[in-house]
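Taking it in order: structure first as structure tokens, then the write-up.
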Amino acid sequence: MSWGIELWDQYENLSIHTNKGIEFLDKYGNFIRDRLAIESEYAAKLRRLVKNYQPKKKEEEDNEFSSWQAFRNVLKEIGDLAGQREVVAESLQLQIIQAVTLLSKTLREERKKCLNDGTTLQQNLNYQLGALERAKRNYEKAYRDSEKAIESYKKADMDFNLSRAEVERHKNVMTQKIQQSDDAKNEYANQLQKTNNLQQQHYNVMLPAVFNRLQELDEKRTRGIREFIVGAAKVESEVAPIIAICMQGIVKAGESINEKEDSFKVIERYQSGFTPPIDIPFEDLSKQDHDTSQDSHYSNMQSNHLTMKGTMSANKLKKRVGIFNIFGSNKQQKIIEACITMKNSLTADGQKEDFSDLPPNQRRKKLQAKIAELQQKISQETAARDGLMKMKVVYEANSSLGNPMTVEGQLNESEHKLEKLKIDLKKYQGYLEKANQVPMANNSPQANRNTFQNGHRTSRHSNGSTEDNNDEGDDQPDDAGSLSRSDSEDNVAQIQNGHNNNNNGSSASPESGLGTSHTSLPGSGQGSANENAIGEDAYFETEIEALQPLGTCRALYPFEATSEGSIPMNEGEELQVIEIDQGDGWTRVRRMNGSNGWDEGFVPTSYIECTLYA
């Protein structure tokens, strides 16, 4: 079916229809363009989502759990999915948007040309119709004039009153008008024939050709929309297999989660290696001797003995550290240097170099991992050194390839690194050997339990300290910035190696910052005369106040004092807590001493169970 034949008289409607068709094509192009923007935005937001939920550096240790690993795989698949959405957006831009824009431009130009041709044909036809109408009007006028002339001649010829000349004049006019009528008639007939021919040519040939071109144009537009819709679907279907693979990857990641394996890894990470605490023995006060009863009574009462101000919190640290000249002269300098050495021995994550602040099992695992890391670095550095040596040999054999001296510096640097790595490996192997020799305690200092002792409810924590649940804790000392002490006997021993032990059996180590026994107070006769004299100056410059005990503690395990500043204790022994653990694994305690008054010093927090006063 042809528009030129069937719609020969629908020029205006065809013009409107083709214009609407092209506008619809532009509308579809805008639809694809908006969809492309949504795809691009979706891909960008997916990538931003993946970036925001990538595991942080501080969370890397949690990546060993299957759920975390699955989530990382999900993020990877989501990133791939975002990439496919970007492919869809790019393909729509290249294959659809550009083609729609080009087709719309071409169709508009062709339609404009067709409409111009149709307008020209219509103007030509209208002009010919106008000429025919003018010829017809001229013929009608000439015919009427000829009829009037004939009528006038007939009247004049029958009027005997008119002269012969007058009649002859009417005859000439009649003849002239008849001739004019005949000429107009011939002109009208000629114009009519031309008009009919042009009209036949216009409606049968020329205008149908224009309409057929419009039809082809509209069909091209319709066919283009079909191809664009199919093409957009193909773009989507091309990435569908990859998207399906991404979905399969997400499903596989979810199925890889193993809750039992994660639970086992939690045990591996946090297992301390200690055994649960034994049953608390019953204490029959009636069977205790007088001294033990007196000690027990003393440990539960509020002590009025004098002790130096500053042992409870860091807010009074200045008065604590200056007592008895512990931080005076050369000794002060040595202790400060030892503390700086300890600080420098910390790792980047705040742990000690030998991981002595960790439970036994965790310490061994950390040391084994560190040794494996060092061995790998040694292997890599050895391979690099061997490569440099071979390069040097080649350069020495053929100097045109290079200067051997250029490799010499790199070789020396590699040797230095290798030597340092071997020293570190030997050091950590020593740490591991020492950690393997430490006996395991019978009871776990990390076990959590609630118990009632001396009328107070206590709650054990992983650091061995307790909380009193009968009070809001307003009277607890501020220990946020207290003097940091050594976390292990090894570190105490390292500091002790740099000092002279002048107090026999007393604690003058940096763990305490104070003499341990009551008799070591200024004027008691203990210590050298020089230290005593300087200590008296510090004593009188420092405010002395009665420091109340913070609570009591019971020894869970026996402890032998092997470093300066610590005191021994027996399993089950009751002691007074005069300074709680500041986070370094040591608690300062006091013991009644029948001969010297009392002994003070530090014991491992994990070896005691504390009950703090309300």
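The sequence shown: position 371 = 418 (the working numbering), numbered continuously.
Just so it is clear, CB atoms sit at the ideal spot from N, CA and C, and this is done for glycine as well.
* Report yes if the C-beta distance between A182 and Y235 is below 7 Å; otherwise report no. => The answer is yes: Cβ separation under 7 Å.
* Tell me whether A608 sits in a helix, a strand or coil according to DSSP, three-state version. => coil
* Going by the CB atoms, is the gap between F258 and K68 shorter than 7 Å? -> The question names Lys, but residue 68 in the sequence shown is Gly. Cβ atoms of G68 and F258: not closer than 7 Å.
* Asked: Distance, Cα to Cα, E198 vs C161?
  -> 56 Å
* Name the DSSP beta bridge partners of Q623, please? -> T599, R637
* DSSP puts E647 in a beta bridge; with which residues? -> E647 pairs with R637.
* Does DSSP put S403 in a helix, in a strand, or in coil? -> coil
* Closest by CA to P102, which one among S87, L122, Q422? -> L122
* To do: Count the other C-beta atoms from every protein chain shown that fall within 10 angstroms of the C-beta of P323, then say buried if there are 16 or more, exposed otherwise.
  => exposed
* Asked: Which residues in the same chain have their Cβ closer than 6 Å to the Cβ of G18, if we skip the five residues on either side of it in sequence?
  -> The displayed coordinates of the chain run from 48 to 661. Any statement about residue 18 would go beyond what the structure contains.
* Sequence-distant residues of its chain with Cβ nearer than 7 Å to V441 (five each side left out) -> L448
* **E157 - containing alpha helix (DSSP H), residue span** => Counting along the chain, the alpha helix (DSSP H) containing E157 begins and ends at 145–205.
* Does the segment 89–107 come close enough to the segment 292–308 that 3 or more CB-CB pairs lie under 8 Å? -> No contact exists between the segment 292–308 and the segment 89–107.
* Is E519 helix, strand or coil when you go by DSSP? -> At E519, the pLDDT of 39 sits below 50, so the modelled position is not reliable and the matter cannot be decided from this model.
* To do: Determine the extent of the alpha helix (DSSP H) in which E234 is found, giving its start and end residues.
  => 211–248
* To do: Report the option in I143, R191, G296, N219 whose CA atom is closest to the CA atom of D204.
  => Nearest in C-alpha terms to D204, of all of I143, R191, G296, N219, is N219.
* Consult DSSP for T658 and reduce its assignment to one of helix, strand or coil. => strand
* To do: Take the Cβ of T658 as the centre, count every other Cβ of all protein chains shown within 10 Å, and call the residue buried at 16 or more, exposed below.
  => buried
* **Distance, V624 Cα to Y662 Cα** => A query on residue 662 cannot be resolved here, the shown segment of the chain reaching from 48 to 661 and no further.
* **Whole-Å CB distance - I63 paired with I144, under 8 Å assumed** => That belief does not hold up - the Cβ atoms of I63 and I144 are roughly 27 Å apart, past 8 Å.
* Asked: In the structure shown, what three-state DSSP assignment does S613 receive?
  -> Collapsing the DSSP output to three states places S613 in a strand.
* To do: Output the boundary residues of the alpha helix (DSSP H) element that contains F258.
  => 254–302
* Asked: Quick one: what's got a C-beta closer than 7 Å to V282's C-beta in the same chain, skipping five residues either side?
  -> Correct list, in chain order: V135, S138, L139, Q142.
* Could you check where the alpha helix (DSSP H) with I85 kicks off and where it finishes? -> 58–99
* **Burial state of S610 (16 or more Cβ within 10 Å)** => buried
* **Identity of the residue in Y186, I314, L465 nearest N433 by Cα** => The displayed chain sequence assigns Asp, not Asn, to residue 433. Residue L465 is the option with its Cα nearest to D433.
* Asked: Do L435 and L468 have their C-beta atoms closer together than 7 Å?
  -> No, the pair does not count as a contact, with Cβ atoms beyond the cut-off.
* To do: With D109 as the anchor, note down where its alpha helix (DSSP H) starts and where it stops.
  => That residue, D109, is in no alpha helix (DSSP H); it is neither H nor E in DSSP.
* Asked: Where does K474 sit, in a helix, a strand or coil, going by DSSP?
  -> If DSSP states are grouped into helix, strand and coil, K474 belongs with the helices.
* Asked: Taking all protein chains shown into account, do 16 or more other C-beta atoms lie within 10 angstroms of the C-beta of F112, making it buried, or fewer, making it exposed?
  -> By the 16-neighbour rule on beta-carbons within 10 angstroms, F112 is buried.
* To do: Starting from the C-beta of S49, find all residues in its chain whose C-beta is less than 8 Å away, skip the five residues before and the five after it, and write them out in chain order.
  => Here the set comprises P255, F258, N259, Q262.
* Asked: Run through DSSP, which three-state label would K334 get?
  -> helix
* Asked: To the nearest whole angstrom, what separates the beta carbons of L61 and L54, a pair I think is in contact under 8 Å?
  -> 6 Å
* Label H217 either buried or exposed according to how many other C-beta atoms from any shown protein chain fall within 10 Å of its C-beta, with 16 as the threshold for buried. => buried
* **For E124 and G296, the rounded distance between their alpha carbons** => 7 Å
* To do: With D309 as the anchor, note down where its alpha helix (DSSP H) starts and where it stops.
  => First-last of the alpha helix (DSSP H) with D309: 306–317.
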